[in-house]
Amino acid sequence: MFKNLIGGEWVAGASASRNVNPSDTSDVVGEYAQADAAQTRQAIAAARQAFAGWSLSTPQQRFDILDAAGTEILARRAELGDLLAREEGKTLPEAIGEVQRAGNIFKFFAGEALRPGGEALPSVRPGVGVELTREPLGVVGIITPWNFPIAIPAWKIAPALAYGNCVVIKPAELVPASVWSLCEILSRCGLPQGVLNLVMGRGSEVGATLLEDRGVDAITFTGSVATGQKVAQACVARMAKFQLEMGGKNPMIVLDDADLGVAINCAVQSGFFSTGQRCTASSRVIVTEGIHDRFVAGVVERLKALKVDDARKAGTDIGPVVDATQLKQDLAYVAIAQGEGARLAFGGEAIEHNLDGRAGFYMRPALITEAAPQMRISREEVFGPVVSVTRVRDYDEALAQANDTPFGLAAGIATTSLKHATHFKRHAQAGMVMVNVPTAGVDYHVPFGGRKGSSYGPREQGRYAAEFYTVVKTAYTQA
Ligand code: ADP
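Residue numbering for the sequence shown follows the numbering used here, beginning at 1375 and increasing consecutively.
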């Protein structure tokens, strides 16, 4: 049984939960402790107690710990990647890439711990100086989703610690193993007791306790819109700082002048890889008339060649969907799209057994064409290997449709026109804009985040992470 980490001790939970491999439902990854509200409160209290010391730790101390964690994560990327693929279902190369990213993030924030910066400027009053510095927030509650089991926890834990905060993290119910391993590594890197606490368990109990307990100063959340709204309400009610990353319905525009190979590549990569389970996935492609049929034919050809199989098997292009509930939702959206009058150009059916006869949550990637902008398939996030294509006259119509969404995380365009690329970068209503590169798959050293209903609060990652994880102090001194 894998235990929770509270105040530097590994402790059994109130109950336990099985972590099941979505590629082979007869394979149990492990039994993971489930905390209850009381245990969550103990973790929060331990973090509070540790804060006084940790908030005054030196940059060197923080650098050494984060750097050591990054080194171990990178050294163990094959093993940790295998565990991640086994519990979540993305392919082994994708999972190893995600672990690599987590290691890089720890290295990056190790460096950031050394250069917190600040400003010194003269006051408007004679003889007075003004200093601006950043201080830690206190205890940060971290609530993470299942689709990036190690990268998202890493990009929240690393800056939280780098800037001197204590952490209580609650991973998603479906994927506790990767976070458990991450916390186990960190627990051996020199962190004082109570600085990092792990409470695995249910959102409605452990998550809700983090939201309500006044010992938690700030909440950083990635997950669904519905839960994000609960986080916002609970935090506003008690004036806690919060940051939300939620859904997307990311458009990718393909113009007549696009390089066809680039356009197909971007659409297939960001629509279907990682089984389409990325908040930055291009789930709707908006294509101008002159290239539409060639583009659709090219994507179908690529999809025919993709192998859907066990996530950890060599040669697999697309692993399973994460669980039965998500698979049901993905299939339901294919039916909804057809019911609304769109056409199923490829795939869209469940595959009960993989090529070895193992039962898992497999699905043939679905390409839907003739989707109209007002259809549910064009507006709602599916979060699976389901991409819809809409035909438009020209760039102006494409841009209007791209922006006609409650979301605003990422937006892409495939074009060789400098004019349209430049216009799109300025006018796409999204936090991240991609020209001739997939909407999914972003760098770890620059800000990540969206607009409108996709995100709330300061950006994550890169140097901009300091906005959330610190509070600014303005100090006046009369010499
Ligand atoms: P997803 O659809 O990605 O599972 P959720 O928003 O349901 O998105 O889950 C994201 C994270 O939020 C998970 O760790 C989950 O346990 C947690 N969570 C779910 N419900 C609540 C809640 N009421 N309060 C706090 N956290 C919650």
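Note that CB positions come from ideal geometry on N, CA and C, so glycine has one too. Quick caveat: nothing in here was measured; it's all calculated off a predicted structure.
- Query: How is the alpha helix (DSSP H) around residue 1457 delimited, first residue to last?
  - Reply: 1451-1462
> Could you name the residues, in chain order, whose CB is less than 6 Å away from a heavy atom belonging to the ligand ADP?
Replying inline: 1517, 1518, 1519, 1520, 1544, 1546, 1547, 1577, 1578, 1581, 1582, 1585, 1597, 1598, 1601, 1604
Rounded straight-line distance, which links the Cα of residue 1756 to that of residue 1737: 13 Å
Note to self: Suppose the cutoff is 6 Å on Cβ atoms and the five residues either side in sequence are ignored; what does the same chain contact list for residue 1775 look like?
What the structure shows: 1660, 1747
C-alpha distance - residue 1572 paired with residue 1518, whole-angstrom precision: 12 Å
### Query
Around the Cβ of residue 1851, are there at least 16 other Cβ atoms within 10 angstroms (buried) or fewer (exposed)?
exposed
Q.
I'd like to check one pair, residue 1621 with residue 1420: are the Cβ atoms closer than 7 Å?
A. no
Point to revise | Minimum C-alpha distance to residue 1482 - residue among 1596, 1840, 1846, 1540 | key: 1840
Threshold first: 4 residues or longer. Then list the alpha helix (DSSP H) segments lying entirely within the stretch 1459-1515, N to C. 1466-1488
**Asked** To the nearest angstrom, how far is it from the Cα of residue 1429 to the Cα of residue 1538?
**Response** 5 Å
Q. Who are residue 1609's beta bridge partners in DSSP?
A. Bridge partners of residue 1609: none, in fact.
Notebook entry, point to check: Contact check, residue 1417 vs residue 1542 under 8 Å by CB: the rounded distance?
Noted result: 5 Å
Exercise for the section: Grab me the residues of residue 1837's own chain with a C-beta within less than 6 Å of its C-beta, minus the 5 sequence neighbours each way, in chain order. Expected result: none
**Prompt:** Is the Cβ-Cβ distance between residue 1847 and residue 1507 less than 7 Å?
**Reply:** yes
Residue 1670, enclosing alpha helix (DSSP H) - first and last residue: 1663-1679
Practice problem: Figure out for me which residue from 1378, 1611, 1595 has the closest Cα to the Cα of residue 1588. | Solution: 1611
What does the alpha-carbon distance come out to for the pair residue 1808 and residue 1487?
30 Å
**Request:** In the DSSP assignment, find the beta strand (DSSP E) that holds residue 1404 and state where it starts and stops.
**Result:** 1402-1408
query: Which residues bound the alpha helix (DSSP H) around residue 1622?
result: No alpha helix (DSSP H) contains residue 1622, which DSSP labels as neither H nor E.
Review point. Should residue 1623 be labelled buried (16 or more other beta-carbon atoms within 10 Å of its own) or exposed?
Key: buried
Please list, in chain order, all residues of the same chain as residue 1399 whose beta carbon is under 7 Å from its beta carbon, the five residues on each side excluded. 1733, 1734
Review point. Any chance the stretch 1626-1640 sits against the stretch 1592-1609, with 3 or more Cβ pairs inside 8 Å?
Key: no
Decide if residue 1739 is buried, meaning its Cβ has at least 16 other Cβ atoms within 10 Å, or exposed. buried
Original post:
Considering only residues of the same chain and omitting the five flanking positions on each side of residue 1565, which have a CB-CB separation below 7 Å?
Top reply: 1439
Note the first and the last residue of the continuous alpha helix (DSSP H) segment covering residue 1377. It is not in any alpha helix (DSSP H) - residue 1377 carries neither H nor E in the DSSP assignment.
*asked:* What does the alpha-carbon distance come out to for the pair residue 1593 and residue 1521?
replied: 19 Å
Short of 8 Å in beta carbon distance, which residues of its chain neighbour residue 1405, apart from the five on each side in sequence? Order them along the chain. 1375, 1376, 1390, 1391, 1392, 1393
Measuring only the C-alpha atoms, how far is residue 1471 from residue 1673? 24 Å
**Request:** Could you pull out every residue in the same chain whose Cβ sits closer than 7 Å to the Cβ of residue 1722, ignoring the five residues on either side in sequence?
**Result:** 1708, 1738, 1740
Considering residue 1544, what are the terminal residues of the alpha helix (DSSP H) in which it resides? It is not in any alpha helix (DSSP H) - residue 1544 instead sits in the beta strand (DSSP E) that spans 1540-1544.
### Task
State the Cα-Cα distance for the pair residue 1638 and residue 1767, rounded to the nearest angstrom.
19 Å
Residues bridged to residue 1786 (per DSSP): 1626, 1808
| According to the Cβ coordinates, are residue 1814 and residue 1601 closer than 7 Å? | no
Cα-Cα separation between residue 1684 and residue 1423, rounded to whole angstroms:
45 Å
* To do: Count the C-beta pairs between the stretch 1460-1477 and the stretch 1494-1505 that are closer than 8 Å, then say yes if the count reaches three, no if not.
  => no
In or out: residue 1635 buried (at least 16 other Cβ within 10 Å) or exposed? exposed
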